[in-house]
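Novice: Numbering (full-length UniProt numbering), first residue to last: 1 to 312.
Structure incoming, see below.
Set out below in structure tokens:
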């Protein structure tokens, strides 16, 4: 194991793990576990990419302040990068964000600006832009920043090509989000594997891509997944494979399973899993998970016999 100069050198080179129980018969499935990044998600990649790119272009001076509208993971990743590089960071996110996200951001030294639940993402983006303009701060603009897909083109895809060298890979499945992961990674993969079938997962209750006009360029198929399916798949991955994932990762794997059930025998899938379940403990994902003692046969009798004080 090498010695590292700083935590940012740990970003990337995430493991690819075989699925052994949940895959349909005759279909190989692998997952790329992005929660192994130091700040816990795939967004670590673009946070490093965007900040280093801004430094290279002379857009950041020592002690500068960064601000970004975020759902949580990009903000946490930027907070990590800012801490290491000596910047201040302000995250703009909805008050509906999970408690874990808010506290992790503050733990990393970030300032958090919470917006009303009713404010759409476009409103949060405008707020970040307006506040940045007033104070001379740097906005990363993850959704429009070319460093986002370029980072995946140069890192995520390179890792996948390396790990699948000499091996068949027929399907690549990812969520959409800002589009950086799917566009950067899939574009690079298709240069080497032109027949690769790229699948995008999107929420069934909030379809964006599937309800608009899209052409078969980077992705070939869109699969909708409900919240219930995402939650069930998170539990299935945890309890059958020992892999803990967050809601978006559960949805992505659920979409992969839908496609895998009708895929030709012998097909091989790679599914991106962006983060871990631990970031969702205060959400509905853990809503039915009790923190009380479970009813295990023999437990109460043993406790009664060994630890309950006997009356004098």
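Backbone N, C-alpha and C define an ideal beta-carbon position, used for all residues, glycine too.
These figures come from a predicted structure and were not determined experimentally.
Using 8 Å as the cut-off, can you tell me whether the stretch 247-255 makes contact with the stretch 272-292, which would need three or more C-beta pairs spanning the two stretches below that distance?
Specialist: A contact exists between the stretch 247-255 and the stretch 272-292.
Novice: Does DSSP put residue 211 in a helix, a strand or coil?
Specialist: Start at 1 with the first residue of the chain shown, and residue 211 comes out as number 211. Because the pLDDT at residue 211 is just 49, under 50, the model does not fix this residue reliably, and the value given afterwards should be weighed accordingly. Residue 211 falls in the coil class under three-state DSSP.
Novice: Run the CB neighbour count on residue 101, radius 10 Å, all protein chains shown included, and call it buried at 16 or more, exposed below.
Specialist: As a first step, residue 101 is located in the chain shown; it is residue number 101 there, counting from the start. Its Cβ being crowded by 16 or more others within 10 Å, residue 101 is buried.
Novice: If we ignore side chains and look at the alpha-carbon of each, how far apart do residue 216 and residue 270 end up?
Specialist: Start at 1 with the first residue of the chain shown, and residue 216 comes out as number 216. Start at 1 with the first residue of the chain shown, and residue 270 comes out as number 270. Because the pLDDT of residue 216 is 49, which lies under 50, any placement of that residue in the model is unreliable, and the number read from its coordinates should be weighed accordingly. Rounded to the nearest angstrom, the two C-alpha atoms are 20 Å apart.
Novice: So, using beta-carbon positions, are residue 98 and residue 117 closer together than 7 Å?
Specialist: Reading the chain shown from its first residue, position 98 is the one you call residue 98. Reading the chain shown from its first residue, position 117 is the one you call residue 117. Against a cut-off of 7 Å, the Cβ pair of residue 117 and residue 98 comes out as no contact.
Novice: Give the DSSP bridge partners of residue 300, in chain order.
Specialist: One-based indexing of the chain shown puts residue 300 at position 300. Answer is none; residue 300 lacks a bridge partner.
Novice: Consult DSSP for residue 14 and reduce its assignment to one of helix, strand or coil.
Specialist: The sequence position of residue 14 within the chain shown is 14, counting from 1. Residue 14: coil per DSSP, three-state reduction.
Novice: Determine, using beta carbons only, whether residue 108 and residue 79 come nearer to each other than 7 Å.
Specialist: Position 108 of the chain shown holds residue 108. Position 79 of the chain shown holds residue 79. Yes; because the gap between Cβ atoms is below 7 Å, this pair is in contact.
Novice: In this structure, does DSSP put residue 292 in helix, strand or coil?
Specialist: Your numbering for residue 292 matches position 292 in the chain shown. DSSP places residue 292 in coil when its eight states are reduced to three.
Novice: State buried or exposed for residue 228, treating a residue as buried only when at least 16 other CB atoms are found within 10 Å of its CB.
Specialist: Here residue 228 refers to the residue found at position 228 when the chain shown is read from its first residue. Burial call: exposed.
Novice: Taking 7 Å as the cut-off, decide whether the C-beta atoms of residue 14 and residue 41 are in contact.
Specialist: In the chain shown, counting from the first residue as 1, residue 14 sits at position 14. In the chain shown, counting from the first residue as 1, residue 41 sits at position 41. No, the pair does not count as a contact, with Cβ atoms beyond the cut-off.
Novice: Beta-carbon within less than 6 Å of residue 82's beta-carbon, same chain only, minus the 5 sequence neighbours each way: which residues are those?
Specialist: Sequence index remark: in the chain shown, residue 82 carries index 82 (1-based). Closer than 6 Å at Cβ, skipping near neighbours: 66, 89.
Novice: Work out the CA separation of residue 27 and residue 168 for me, nearest whole Å.
Specialist: Start at 1 with the first residue of the chain shown, and residue 168 comes out as number 168. Start at 1 with the first residue of the chain shown, and residue 27 comes out as number 27. Cα to Cα, the separation comes out at about 12 Å.
Novice: Relative to the C-alpha of residue 150, which candidate in 53, 253, 86 has its C-alpha closest?
Specialist: Taking the chain shown and counting its residues from 1, one reaches residue 150 at position 150. Of the candidates 53, 253, 86, the one whose C-alpha sits nearest the C-alpha of residue 150 is 53.
Novice: Quick one: using the 10 Å Cβ neighbour count with 16 as the cut-off for buried, is residue 296 buried or exposed?
Specialist: Here residue 296 corresponds to residue number 296 of the chain shown, with the count starting at 1. Exposed is the call here.
Novice: Taking a contact to mean a Cβ-Cβ separation below 7 Å, would you say residue 161 touches residue 192 in this structure?
Specialist: As a first step, residue 161 is located in the chain shown; it is residue number 161 there, counting from the start. As a first step, residue 192 is located in the chain shown; it is residue number 192 there, counting from the start. Yes. Within cutoff.
Novice: Less than 7 Å between the C-beta atoms of residue 91 and residue 115, yes or no?
Specialist: Against the chain shown, residue 91 aligns to sequence position 91. Against the chain shown, residue 115 aligns to sequence position 115. Taking 7 Å as the Cβ cut-off, residue 91 and residue 115 do not qualify as a contacting pair.
Novice: May I ask you to report which of helix, strand or coil DSSP gives residue 268?
Specialist: On the chain shown, residue 268 is found 268 positions in, with the first residue counted as 1. In this structure, residue 268 counts as strand in the three-state DSSP scheme.
Novice: For residue 186, which three-state DSSP category applies?
Specialist: Counting from 1 along the chain shown, the entry for residue 186 is found at position 186. Residue 186: helix per DSSP, three-state reduction.
Novice: If we ignore side chains and look at the alpha-carbon of each, how far apart do residue 106 and residue 75 end up?
Specialist: In the chain shown, the residue the question calls residue 106 occupies position 106. In the chain shown, the residue the question calls residue 75 occupies position 75. Cα-Cα distance, rounded: 11 Å.
Novice: Go through the stretch 25-69 residue by residue and report every complete run of the beta strand (DSSP E) that reaches 3 residues or more, in order.
Specialist: With a minimum length of 3 residues, the continuous beta strand (DSSP E) runs that stay inside the stretch 25-69 are 28-33, 65-69.
Novice: Throw me the rounded Cβ distance for the residue 21 and residue 241 pair, which I believe falls under 8 Å.
Specialist: To locate residue 21, count along the chain shown from 1; it is residue 21. To locate residue 241, count along the chain shown from 1; it is residue 241. With a Cβ gap of about 6 Å, residue 21 and residue 241 count as contacting.
Novice: With residue 187 and residue 218 assumed to form a contact (beta carbons below 8 Å), what rounded beta-carbon distance in angstroms separates them?
Specialist: Locating residue 187 in the chain shown gives position 187, counting from the first residue. Locating residue 218 in the chain shown gives position 218, counting from the first residue. With a Cβ gap of about 6 Å, residue 187 and residue 218 count as contacting.
Novice: Work out the CA separation of residue 264 and residue 230 for me, nearest whole Å.
Specialist: Within the chain shown, the letter at position 230 stands for residue 230. Within the chain shown, the letter at position 264 stands for residue 264. Their Cα atoms are separated by approximately 24 Å.
Novice: Where residue 124 and residue 136 are concerned, what is the direct C-alpha to C-alpha distance, given to the nearest angstrom?
Specialist: Here residue 124 refers to the residue found at position 124 when the chain shown is read from its first residue. Here residue 136 refers to the residue found at position 136 when the chain shown is read from its first residue. Rounded to the nearest angstrom, the two C-alpha atoms are 18 Å apart.
Novice: Would DSSP call residue 181 helix, strand or coil?
Specialist: Looking up residue 181 in the chain shown gives position 181. Residue state, collapsed to three classes: helix.
Novice: So for residue 138, helix, strand or coil by DSSP?
Specialist: Here residue 138 refers to the residue found at position 138 of the chain shown. Of the three classes helix, strand and coil, the one that applies to residue 138 here is strand, per DSSP.
Novice: Here's the rule: buried if 16 or more other CB atoms are within 10 angstroms of the residue's CB, otherwise exposed. What is residue 261?
Specialist: Residue mapping note: residue 261 aligns to position 261 of the chain shown, counting from 1. Label assigned to residue 261: exposed.
Novice: Exposed or buried, residue 1, counting other C-beta atoms within 10 Å across all chains shown (16 or more means buried)?
Specialist: As a first step, residue 1 must be located in the chain shown, where it is residue number 1. It counts as exposed.
Novice: Based on the DSSP secondary-structure assignment, which residues constitute the bridge partners of residue 221?
Specialist: By one-based count along the chain shown, residue 221 stands at place 221. Its beta-bridge partners are 199.
Novice: Determine the burial state of residue 12: buried for a count of at least 16 other Cβ atoms within 10 Å of its Cβ, exposed for fewer.
Specialist: Along the chain shown, one-based indexing puts residue 12 at 12. Looking at its Cβ environment, which holds 16 or more other Cβ atoms inside 10 Å, residue 12 is buried.
Novice: How about residue 56 and residue 175: are their beta carbons less than 7 Å apart?
Specialist: One-based indexing of the chain shown puts residue 56 at position 56. One-based indexing of the chain shown puts residue 175 at position 175. Going by C-beta atoms, residue 56 is not nearer than 7 Å to residue 175.
Novice: Measuring alpha carbon to alpha carbon, tell me which residue in 226, 178, 204, 170 is nearest residue 30.
Specialist: What you label residue 30 is simply residue 30 of the chain shown in a count that begins at 1. If we check each option's Cα against that of residue 30, 170 comes out closest.
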